[in-house]
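A.B. asks: Residue numbers (our numbering), protein chains in the order written: chain U, 851 to 1110; chain F, 851 to 1110.
Built from N, CA and C at the ideal position, the CB exists for glycine as well.
Note that the structure is a prediction, hence the values are computed from the model and not measured.
Number of protein chains: 2
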Amino acid sequence: MFETSFSPTHAAAAEEACLAARATPMAQPRLGLPQPVAARIEQALELLARTISPQRRVVHEGDRIYRAGERFVNLYVINSGLIKLINLAADGREQVAGVKFRGDWLGLDGIADGEFACDAIAMDTGEVWVLGYDKLLKACAREPSLMNLLHKAMSRQIASSRDSLMSICTLPADARVADFLRFLAESLAERGLRTDQILLRMTRAEIGNYLGMTLESVSRALSRLARDKVIAFAGKGRRDVQIPDIGALSSFIQRCLASA
Amino acid sequence: MFETSFSPTHAAAAEEACLAARATPMAQPRLGLPQPVAARIEQALELLARTISPQRRVVHEGDRIYRAGERFVNLYVINSGLIKLINLAADGREQVAGVKFRGDWLGLDGIADGEFACDAIAMDTGEVWVLGYDKLLKACAREPSLMNLLHKAMSRQIASSRDSLMSICTLPADARVADFLRFLAESLAERGLRTDQILLRMTRAEIGNYLGMTLESVSRALSRLARDKVIAFAGKGRRDVQIPDIGALSSFIQRCLASA
DNA sequence: CGTTCGATTGAGGAAGATCAATTAATGTGG
DNA sequence: CCACATTAATTGATCTTCCTCAATCGAACG
């Protein structure tokens, strides 16, 4: 139970773990839910741009948007790219605590204590919008819909981290990996990106760390998923994953639960 | 960089798993941190009482403050008693997702989608304050410190659920149980309650569900903790736990990590 | 072209789950 | 208040899952 695994909070992990081909903007609704979520994200970004014209910051793979312990001044909203959160314990343990996508907020954990609780690291080239917290609050006072946006973002993070916890606590290893892929694919679909082929931007070790298992267990789970034709590997490396049918991932998870 | 470790979230688990003897109000600082946290909680409740004189609702063991799927209208703040949160998955899996204490907010997960994502159940007789969300927002507009309170409450939940995830993902079973007790004792200490003897208000099955292990594993972990004199059982049942030294729990956890 | 890093796969072992039996505590009805 | 039923907890014996260790392979990089 302790490995270099990475366990996904589906909502959060999906959003960040994988980076779909950034090309392929907004085709058709592919899942069933993409439309409303996509619209929500677009409206949110549009509102932010209009009401507080935030500073834009381009980030590259490996850049730290902020670090644990750093003084909290700004919140961040992802416009593009994938960001992972790394949580540090006092005794040195560290864990990937989430993956974030376009439209997600970063740094909300810093409000309480005035300093950030984890590192936020770009997995990709992308752009984050920098929102001074004070300035944001002033804007919220003028524009209630902005306040509503902020509250919903926080609320969503609270709810989705509970879902992650439940996946990790109640699913066997294979199902956790499948659920992680499902989360990833769903997050991408919600943002109008293609989900039939996605590029994992995390190593097996990171995925395992996130999911509470070893890298070997992640590898074996992926091999089994491929053997069962639930996923397929594209390209040469084993980082391009094809997911012909997201529903098949859910079936796989249920099969794992049933056989236990 | 990432290892296969998984660590439990101390903060969240402690808040709910155990119930200290409610008698023994506010003696002395016992840990080192209680004072500031206790003061923060008192000030928060005082501010709420003064600015929006919330409706007060007495709850008894087993009462549901709200249920998953119910329409979100109110937020709740615990004045006394212990509340557990139960998360439900679509396929029927359920999990204890948290334990909440005096000063904690409930229902924040409902803001995003307009309905609650889990059940909140009293483990104890207690009192919750009911805050109409709309009314609260209006009061926040008049009183910025109230808004600050709300934001910090949400932020704290985000940060502490990450810590919980880490505990569960990076600690072996025995250490998870120890960490849970530590969380519990610390939460009680922060609220000025005695921590040398606490009454668990959850069954072994509930604790195990919360920590991602079986009830037998919880039982064995507690037995080992007692054999190592880190805890002791008082009274007849095995639900009264004495914790002479909270530091010994941390040492125990480190010992578990070292031996692996 | 060799080095390095990530991934895969196998073999063996350990942590924890499962199954099962026993004991203790709580509650019920007589 | 006592038999009885019920639920919770403990403990042991086994079995499964997953971790650990190790070897191999492929890709990427200098």
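For G982 (chain F), which residues from the same chain have a beta carbon less than 6 angstroms from its beta carbon, with the 5 sequence-adjacent residues on both sides left out?
C.D. replies: The sequence position of residue 982 (chain F) within the second sequence is 132, counting from 1. Answer for G982 (chain F): N924, listed in chain order.
A.B. asks: Ignoring anything shorter than 3 residues or poking outside the segment 969-1004 of chain U, list the beta strand (DSSP E) runs there in chain order.
C.D. replies: 976-982
A.B. asks: Residues of chain F with a CB under 9 angstroms from the CB of K1002 (chain U): which are they?
C.D. replies: Numbered from 1 along the first sequence, position 152 holds the residue referred to as residue 1002 (chain U). The answer, in chain order, is I961, A962 and D963.
A.B. asks: Please state the DSSP three-state secondary structure of E944 (chain U).
C.D. replies: If you number the first sequence from 1, residue 944 (chain U) lands on position 94. Shown here, E944 (chain U) sits in a strand according to DSSP, grouped into three states.
A.B. asks: Could you list the residues in the segment 1022-1054 of chain F with a C-beta less than 9 angstroms from some C-beta on chain U, going in chain order?
C.D. replies: P1022 and A1023
A.B. asks: Strictly below 7 angstroms CB to CB, what residues from chain F border C1019 (chain U)?
C.D. replies: By one-based count along the first sequence, residue 1019 (chain U) stands at place 169. Q945, I1018 and G1062, listed in chain order.
A.B. asks: Report the neighbours of N937 (chain U) on chain F: residues whose CB is nearer than 8 angstroms to its CB, in chain order.
C.D. replies: The count along the first sequence starts at 1 and reaches residue 937 (chain U) at position 87. Going along chain F in sequence order, the residues near N937 (chain U) (Cβ under 8 angstroms) are R1012, D1013, L1015 and M1016.
A.B. asks: Do A918 (chain U) and D954 (chain U) have their CB atoms nearer than 8 angstroms?
C.D. replies: On the first sequence, residue 918 (chain U) is found 68 positions in, with the first residue counted as 1. On the first sequence, residue 954 (chain U) is found 104 positions in, with the first residue counted as 1. Result no, Cβ atoms of A918 (chain U) and D954 (chain U) do not sit closer than 8 angstroms.
A.B. asks: If we ignore side chains and look at the alpha-carbon of each, how far apart do L1075 (chain F) and R952 (chain F) end up?
C.D. replies: As a working note, residue 1075 (chain F) is residue 225 in the second sequence. As a working note, residue 952 (chain F) is residue 102 in the second sequence. Whole-angstrom Cα-Cα distance: 28 angstroms.
A.B. asks: For T1053 (chain F), count the other beta carbons within 10 Å of its own beta carbon; 16 or more makes it buried, fewer makes it exposed. Which is it?
C.D. replies: Working through the second sequence from its first residue, we reach residue 1053 (chain F) at position 203. Burial call: exposed.
A.B. asks: Can we say the segment 1057-1075 of chain F touches the segment 988-1004 of chain F, given the rule of at least three CB pairs closer than 8 angstroms?
C.D. replies: no
A.B. asks: Closest to K1002 (chain U) by C-alpha separation, out of F:A889, F:F1033, F:G1042 and F:E965, would be which residue?
C.D. replies: Here residue 1002 (chain U) refers to the residue found at position 152 of the first sequence. Relative to the Cα of K1002 (chain U), the nearest Cα in the group F:A889, F:F1033, F:G1042 and F:E965 belongs to F:E965.
A.B. asks: Name the two residues that bound the continuous beta strand (DSSP E) containing L1031 (chain U).
C.D. replies: The sequence position of residue 1031 (chain U) within the first sequence is 181, counting from 1. Note, L1031 (chain U): premise wrong, no beta strand (DSSP E); alpha helix (DSSP H) at A1023 to E1040.
A.B. asks: Do three or more CB pairs link the segment 1102-1109 of chain F to the segment 1022-1040 of chain F at distances below 8 angstroms?
C.D. replies: yes
A.B. asks: Going by Cα to Cα distance, which pick from U:D941, U:G1058 and U:V980 is closest to L956 (chain U)?
C.D. replies: Along the first sequence, one-based indexing puts residue 956 (chain U) at 106. Among U:D941, U:G1058 and U:V980, the Cα nearest to that of L956 (chain U) is on U:V980.
A.B. asks: Residues in the segment 1069-1092 of chain F with C-beta within 8 angstroms of chain U's C-beta atoms, listed in sequence order?
C.D. replies: none
A.B. asks: Identify the residues that DSSP records as bridge partners of A1084 (chain F): which are they?
C.D. replies: Taking the first residue of the second sequence as 1, we reach residue 1084 (chain F) at position 234. Partner(s): F:D1090.
A.B. asks: What three-state label does DSSP hand V923 (chain U) in the structure shown?
C.D. replies: What you label residue 923 (chain U) is simply residue 73 of the first sequence in a count that begins at 1. In this structure, V923 (chain U) counts as coil in the three-state DSSP scheme.
A.B. asks: Excluding the 5 residues flanking A1035 (chain U) on each side, which residues of the same chain have their C-beta closer than 7 angstroms to its C-beta?
C.D. replies: Walking along the first sequence from the start, residue 1035 (chain U) turns up at place 185. So the qualifying residues of the chain are A864, T1045, I1048, I1093 and I1096.
A.B. asks: Would you mind giving the Cβ-Cβ distance between A972 (chain U) and I915 (chain U), rounded to the nearest angstrom? I have them listed as a contact below 8 angstroms.
C.D. replies: Taking the first residue of the first sequence as 1, we reach residue 972 (chain U) at position 122. Taking the first residue of the first sequence as 1, we reach residue 915 (chain U) at position 65. A972 (chain U) to I915 (chain U), Cβ: 7 angstroms. Contact.
A.B. asks: Per DSSP, what are the beta-bridge partners of L938 (chain U) in this structure?
C.D. replies: One-based indexing of the first sequence puts residue 938 (chain U) at position 88. Per DSSP, U:E944.
A.B. asks: Buried or exposed: which applies to S903 (chain U), given that a residue is buried once 16 or more other Cβ atoms fall within 10 Å of its Cβ?
C.D. replies: Position 53 of the first sequence, counted from the start, is the residue given in the question as residue 903 (chain U). Per the 10 Å Cβ criterion, exposed.
A.B. asks: Determine the burial state of Q893 (chain U): buried for a count of at least 16 other Cβ atoms within 10 Å of its Cβ, exposed for fewer.
C.D. replies: Indexing the first sequence from 1 puts residue 893 (chain U) at position 43. So Q893 (chain U) ends up on the exposed side.
A.B. asks: In this structure, does DSSP put L1049 (chain U) in helix, strand or coil?
C.D. replies: If you number the first sequence from 1, residue 1049 (chain U) lands on position 199. Of the three classes helix, strand and coil, the one that applies to L1049 (chain U) here is strand, per DSSP.
A.B. asks: Here's a check: name, in chain order, each residue in its chain whose Cβ is nearer than 7 angstroms to the Cβ of A1082 (chain U), leaving out the five neighbours to either side.
C.D. replies: The sequence position of residue 1082 (chain U) within the first sequence is 232, counting from 1. The residues are A1076 and Q1092.
A.B. asks: Quick one: is I1008 (chain F) near chain U, going by C-beta distance under 8 angstroms?
C.D. replies: Within the second sequence, the letter at position 158 stands for residue 1008 (chain F). Interface residue, yes.
A.B. asks: Excluding sequence positions up to five away, which residues of its chain have a Cβ less than 6 angstroms from the Cβ of S930 (chain F)?
C.D. replies: Your numbering for residue 930 (chain F) matches position 80 in the second sequence. These residues qualify, in order along the chain: R952, G976 and E977.
A.B. asks: Among the candidates U:F922, U:R1032 and U:I928, whose CA atom is the shortest distance from the CA of L898 (chain U)?
C.D. replies: Position 48 of the first sequence, counted from the start, is the residue given in the question as residue 898 (chain U). That would be U:I928, whose Cα lies nearest to the Cα of L898 (chain U).
A.B. asks: Could one say the Cβ of A889 (chain U) lies closer than 8 angstroms to chain F's Cβ atoms, at least one of them?
C.D. replies: By one-based count along the first sequence, residue 889 (chain U) stands at place 39. So, not an interface residue.
A.B. asks: Using a Cβ cut-off of 9 angstroms, pull out every chain U residue sitting near L958 (chain F), in sequence order please.
C.D. replies: Locating residue 958 (chain F) in the second sequence gives position 108, counting from the first residue. Those are H1001, M1004, S1005, I1008 and A1009, listed as they occur along chain U.
A.B. asks: Residues of chain F with CB closer than 9 angstroms to the CB of C968 (chain U), please, in chain order.
C.D. replies: Along the first sequence, read from residue 1 onward, the residue named residue 968 (chain U) stands at position 118. The contacting residues are A1009 and R1012.
A.B. asks: Would M1016 (chain F) pass as a contact of Q945 (chain U) if the rule is Cβ separation under 8 angstroms?
C.D. replies: If you number the second sequence from 1, residue 1016 (chain F) lands on position 166. If you number the first sequence from 1, residue 945 (chain U) lands on position 95. Q945 (chain U) sits close to M1016 (chain F), with the two beta carbons spaced by under 8 angstroms.
A.B. asks: Taking 8 angstroms as the threshold (C-beta atoms), are R1089 (chain U) and L1050 (chain U) in contact?
C.D. replies: The count along the first sequence starts at 1 and reaches residue 1050 (chain U) at position 200. The count along the first sequence starts at 1 and reaches residue 1089 (chain U) at position 239. Closer than 8 angstroms, so yes.
A.B. asks: Does the beta-carbon of D984 (chain F) have 16 or more other beta-carbons within 10 angstroms, so that it is buried, or is it exposed?
C.D. replies: Your numbering for residue 984 (chain F) matches position 134 in the second sequence. Classification for D984 (chain F): exposed.
A.B. asks: Residues of chain U with CB closer than 8 angstroms to the CB of Q905 (chain F), please, in chain order.
C.D. replies: The residue labelled residue 905 (chain F) in the question sits at position 55 within the second sequence. Within chain U, no residue comes near Q905 (chain F); the closest Cβ sits about 21 angstroms away, beyond 8 angstroms.
A.B. asks: Going by beta-carbon coordinates alone, are D974 (chain U) and A1009 (chain F) separated by less than 8 angstroms?
C.D. replies: Here residue 974 (chain U) refers to the residue found at position 124 when the first sequence is read from its first residue. Here residue 1009 (chain F) refers to the residue found at position 159 when the second sequence is read from its first residue. It is not a contact, given that the beta carbons lie outside the stated cut-off.
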